[in-house]
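Undergrad: Below you will find the structure I want to go over with you.
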């Protein structure tokens with residue numbers, strides 16, 4: 001049956017996104033392939049040297065020649081181990097860099113998805129694909145394929161020379177197994193410590209993904225994609241360092257059995273060669289013992305496991321291709337930089353969620369002058385948050401215009417525009433890490449003095465002084481160690497460090513009681529008095545000194561004149 005076009009397209013989609021990172025590392029792949037081929041060919045040299053030893057030494061009764069070839073075999077064995085160790089390290093480095101590249105590509109794509117796609121997938125499903133599927137595919141792309149090639153070459157080389165197996169082979173393996181076990185047991189503590197350090201670092205990677213997936217729209221809304229990618233780069237390099245440490249110790253632990261085997265081969269050559277010369281040992285037994293010791297079973301086992309790896313890799317590739325097939329969110333902010341604080345104008349804006357017939361925003365018009373404090377109130381689901389998300393580029397309107405100083409938002413650079421905007425969410429995003437790292441999320445170069453001053457201005461100076469570790473205090477997973485009021489003030493302090501021209505506050509008092517909410521409103525007036533503020537809330541009575549107050553009803557903004565007051 002001929003393959004259909006749909007089947008070909010699906011198969012191409014499953015693997016096409018993997019080609020680019022592999023192509024970018026084609027020189028490293030070629031170098032690794034060359035090392036692997038060299039190691040395999042070098043592993044086939046001992047039988048050839050053995051043949052020379054037999055023909056030129058044993059058969060001629062020249063023990064000096066025998067000793068010469070024994071030395072050559074030892075040298076080749078040690079060289080093969082060194083080359084194998086270098087190949088493993090190169091393989092680990094390339095494999096880790098490929099995994100990091102794939103993770104960066106996936107993160108870059110995920111941060112370009114519309115927020116609705118994050119909720120549609122769910123964090124559990126995404127983590128399963130990003131962690132399990134990606135690791136399986138990366139392992140097959142390098143580990144299984146290169147290992148399978150080495151096994152195949154080794155098996156072909158061994159089978160080309162094999163005739164009959166010697167019973168002495170099993171006896172020799174039985175003697176060497178206990179010695180190898182004691183060697184491996186001696187190295188186990190050092191290897192275990194490094195593996196535990198690697199697992200701890202893997203936990204940091206997992207925490208990074210949880211933070212990113214939990215707060216993806218916030219990173220997008222604050223133009224922090226580059227910061228996230230850089231953070232992943234740093235974690236990836238640290239993971240590579242610890243992974244190489246594990247591999248180095250693992251190589252040393254593996255070297256013992258191989259060295260024992262090489263010395264056993266040398267001993268058999270010396271002793272067996274002497275016995276052959278004396279006529280006390282059959283030549284065929286010696287050749288079989290040396291040539292095929294451990295050269296057949298391992299390659300066969302590796303090749304048998306290759307098929308199962310291929311099946312797992314196909315499934316993982318298809319699951320990851322589904323993520324890359326998700327349509328990316330359009331980025332309208334490609335143009336010029338904003339000139340300053342600017343007046344903000346919304347003219348006839350219309351918006352509805354995909355698949356819905358009813359307009360959530362139906363002809364919304366609004367003006368904000370520099371320094372104004374404007375409130376939009378309304379019930380949950382009225383479209384207030386969608387209005388803010390359009391200003392951040394997280395939602396795309398279907399009609400109308402948004403202007404900054406008369407310039408359409410589409411004509412502005414997204415990154416430069418968002419540098420002037422601070423978004424204080426209803427449930428502020430606090431990340432895994434210290435208090436200082438959370439405050440520096442929007443302003444990485446802020447000094448400790450600036451952080452302390454920002455905390456003091458939002459009323460958290462005494463709280464900071466009470467912390468035994470000060471700015472280095474860990475806030476817990478997703479900021480779980482701070483209260484709702486502290487979370488709101490921390491978000492405000494973080495916004496202050498950014499020195500924004502426009503602050504968007506989404507339900508800033510939702511988690512506060514009336515007294516705390518009023519205190520926060522007074523604090524906003526104190527620290528953001530000259531900054532343009534757009535507040536959305538279903539608790540409009542909690543805010544005073546407004547320049548304008550609107551109610552969002554049936555997709556339209558209705559002025560609430562009786563509640564408005566002067567600054």
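In full-length UniProt numbering, the protein residues as written are 1 to 567.
For every residue, glycine included, the Cβ atom is placed at its ideal position computed from N, Cα and C.
Predicted, not measured: the structure shown is a model, and the values here were computed from it.
Skipping 5 residues on each side, what residues in its chain have a beta carbon closer than 6 Å to that of residue 301?
TA: Along the chain shown, read from residue 1 onward, the residue named residue 301 stands at position 301. In this predicted model, residue 301 has a pLDDT of only 49, less than 50, meaning its place in the structure is not dependable enough to derive any value.
Undergrad: Is DSSP giving residue 246 helix, strand or coil here?
TA: In the chain shown, residue 246 corresponds to position 246, counting from 1. If DSSP states are grouped into helix, strand and coil, residue 246 belongs with the helices.
Undergrad: What residue range is occupied by the uninterrupted alpha helix (DSSP H) comprising residue 40?
TA: The residue given as residue 40 occupies position 40 in the chain shown. That run of the alpha helix (DSSP H) goes 26–43.
Undergrad: Excluding sequence positions up to five away, which residues of its chain have a Cβ less than 8 Å from the Cβ of residue 332?
TA: By 1-based counting over the chain shown, the position of residue 332 is 332. With a pLDDT of 49 at residue 332, under the threshold of 50, the modelled position of this residue cannot be trusted, and the question is left open.
Undergrad: Between 136, 92 and 186, which lies nearest to residue 239 when the distance is taken from Cα to Cα?
TA: The sequence position of residue 239 within the chain shown is 239, counting from 1. Selected option, being the one with the closest Cα: 92.
Undergrad: I think residue 439 touches residue 497, with their Cβ atoms under 8 Å apart; what is that distance to the nearest whole Å?
TA: For the purposes of this step, residue 439 is taken as residue 439 along the chain shown, with counting starting at 1. For the purposes of this step, residue 497 is taken as residue 497 along the chain shown, with counting starting at 1. 6 Å between Cβ atoms; contact.
Undergrad: Measure the CB-CB distance between residue 134 and residue 103 and report whether it falls below 8 Å.
TA: Taking the chain shown and counting its residues from 1, one reaches residue 134 at position 134. Taking the chain shown and counting its residues from 1, one reaches residue 103 at position 103. Yes. Within cutoff.
Undergrad: Beta-carbon within less than 8 Å of residue 62's beta-carbon, same chain only, minus the 5 sequence neighbours each way: which residues are those?
TA: Stepping through the chain shown from its first residue, residue 62 is reached at position 62. 56, listed in sequence order.
Undergrad: Would the C-beta of residue 19 count as close to the ligand HEM, meaning under 7 Å from any of its heavy atoms?
TA: You won't find the ligand HEM in this model; it holds no ligand whatsoever.
Undergrad: Is residue 436 closer than 8 Å to residue 472 when the C-beta atoms are compared?
TA: Numbered from its first residue, the chain shown carries residue 472 at position 472. Numbered from its first residue, the chain shown carries residue 436 at position 436. In this structure, residue 472 sits near residue 436, with a CB-CB distance shorter than 8 Å.
Undergrad: With a threshold of 8 Å, are at least 3 pairs of Cβ atoms found where one atom belongs to the stretch 507–515 and the other to the stretch 355–367?
TA: Cβ pair count under 8 Å is below three, so no.
Undergrad: Under three-state DSSP, which class holds residue 421?
TA: Here residue 421 refers to the residue found at position 421 of the chain shown. Three-state DSSP puts residue 421 in a strand.
Undergrad: If I follow the unbroken alpha helix (DSSP H) through residue 351, where does it start and stop?
TA: Taking the chain shown and counting its residues from 1, one reaches residue 351 at position 351. Per DSSP, residue 351 belongs to no alpha helix (DSSP H); it is in the beta strand (DSSP E), 344–351.
Undergrad: Tell me, please, which residues DSSP counts as bridged to residue 408.
TA: Walking along the chain shown from the start, residue 408 turns up at place 408. Answer is 403, bridged to residue 408.
Undergrad: At a cut of 8 Å, does the stretch 37–47 reach the stretch 221–232 through at least three beta carbon pairs?
TA: no
Undergrad: From this set, 432, 370, 491 and 369, which residue's C-alpha is nearest residue 460's C-alpha?
TA: As a working mapping, residue 460 is identified with position 460 in the chain shown. Looking at the Cα atoms, 491 is the closest of the given residues.
Undergrad: Could you tell me how far apart the beta carbons of residue 126 and residue 213 are, in whole angstroms, since I believe they sit closer than 8 Å?
TA: One-based indexing of the chain shown puts residue 126 at position 126. One-based indexing of the chain shown puts residue 213 at position 213. Residue 126 to residue 213, Cβ: 6 Å. Contact.
Undergrad: What's the gap between the Cα of residue 568 and the Cα of residue 147?
TA: Any question about residue 568 goes unanswered here, given that the chain covers just 1 to 567.
Undergrad: Mapping DSSP to helix, strand and coil, what is residue 367?
TA: Position 367 of the chain shown, counting from 1, holds the residue named residue 367. Residue 367 falls in the strand class under three-state DSSP.
Undergrad: Helix, strand or coil for residue 550, going by three-state DSSP, please let me know.
TA: The count along the chain shown starts at 1 and reaches residue 550 at position 550. DSSP places residue 550 in the strand class (E or B) of the three-state scheme.
Undergrad: Considering Cα atoms alone, identify which of 94, 48 and 101 is closest to residue 76.
TA: Here residue 76 is taken as the residue at index 76 of the chain shown, counted from 1. Minimum Cα distance to residue 76 is reached at 48.
Undergrad: Which same chain residues, not among the five before or five after residue 379, have their C-beta less than 7 Å away from its C-beta?
TA: Start at 1 with the first residue of the chain shown, and residue 379 comes out as number 379. Once the five neighbours on either side are set aside, the close Cβ partners of residue 379 are 538.
Undergrad: Distance check for residue 364 and residue 144, CA to CA, integer angstroms please.
TA: Your numbering for residue 144 matches position 144 in the chain shown. Your numbering for residue 364 matches position 364 in the chain shown. In this structure, the CA atom of residue 144 is about 58 Å from the CA atom of residue 364.
Undergrad: Could you tell me which whole beta strand (DSSP E) segments of length 3 or greater appear in the stretch 456–509?
TA: Restricted to the stretch 456–509, the beta strand (DSSP E) segments that are unbroken, complete and at least 3 residues in length are 502–506, listed in chain order.
Undergrad: With distance defined between alpha-carbon atoms, name the residue in 399, 528 and 21 nearest to residue 454.
TA: In the chain shown, the residue the question calls residue 454 occupies position 454. Cα-wise, what sits closest to residue 454 is 528.
Undergrad: Which same chain residues, not among the five before or five after residue 108, have their C-beta less than 8 Å away from its C-beta?
TA: Locating residue 108 in the chain shown gives position 108, counting from the first residue. Excluding sequence neighbours, residue 108 sits near 225 and 229.
Undergrad: Excluding the five sequence neighbours on either side, which residues of its own chain have a C-beta within less than 7 Å of the C-beta of residue 520, listed in chain order?
TA: Counted from its first residue, the chain shown places residue 520 at position 520. Excluding positions up to five away in sequence, the list reads 488, 508, 509 and 512.
Undergrad: Whole angstroms is fine: what's the gap from residue 389's alpha carbon to residue 131's?
TA: Here residue 389 corresponds to residue number 389 of the chain shown, with the count starting at 1. Here residue 131 corresponds to residue number 131 of the chain shown, with the count starting at 1. Using only the alpha carbons, I get a separation of about 30 Å.
Undergrad: What do you reckon, are the CB atoms on residue 32 and residue 90 nearer than 8 Å?
TA: For the purposes of this step, residue 32 is identified with residue 32 of the chain shown, where counting begins at 1. For the purposes of this step, residue 90 is identified with residue 90 of the chain shown, where counting begins at 1. Yes, these two residues count as a Cβ contact at 8 Å.
Undergrad: Closer than 6 Å by C-beta to residue 256: which residues in its own chain qualify, once you throw out the five before and the five after it? Chain order, please.
TA: Taking the chain shown and counting its residues from 1, the one referred to as residue 256 is at position 256. Here the set comprises 183.
Undergrad: Would you mind reading off the limits of the beta strand (DSSP E) that contains residue 217?
TA: Residue numbering aside, residue 217 sits at position 217 when the chain shown is read from its first letter. First-last for residue 217: 216–221, but that is the alpha helix (DSSP H), not the beta strand (DSSP E).
Undergrad: Between 353, 352 and 362, which has its C-alpha nearest residue 346's C-alpha?
TA: On the chain shown, residue 346 is found 346 positions in, with the first residue counted as 1. Among 353, 352 and 362, the Cα nearest to that of residue 346 belongs to 362.
Undergrad: Would you say residue 510 lies against chain D (beta-carbon separation less than 8 Å)?
TA: Protein chain content of the structure displayed is limited to a single chain, and chain D is not contained in it.
Undergrad: To which residues of the same chain is residue 221 closer than 6 Å at the C-beta, ignoring the five residues directly before and after it?
TA: Residue numbering aside, residue 221 sits at position 221 when the chain shown is read from its first letter. If we look at residue 221 and ignore the five residues flanking it on each side, its Cβ neighbours are 392, 394 and 423.
Undergrad: List the DSSP bridge partners of residue 373.
TA: Stepping through the chain shown from its first residue, residue 373 is reached at position 373. For residue 373, which the question treats as bridged, DSSP gives the partners 533.
Undergrad: Can you give the Cα-Cα distance for residue 80 and residue 74, rounded to whole angstroms?
TA: Mapped onto the chain shown, residue 80 falls at position 80. Mapped onto the chain shown, residue 74 falls at position 74. If I take the Cα positions, the gap works out to 10 Å.
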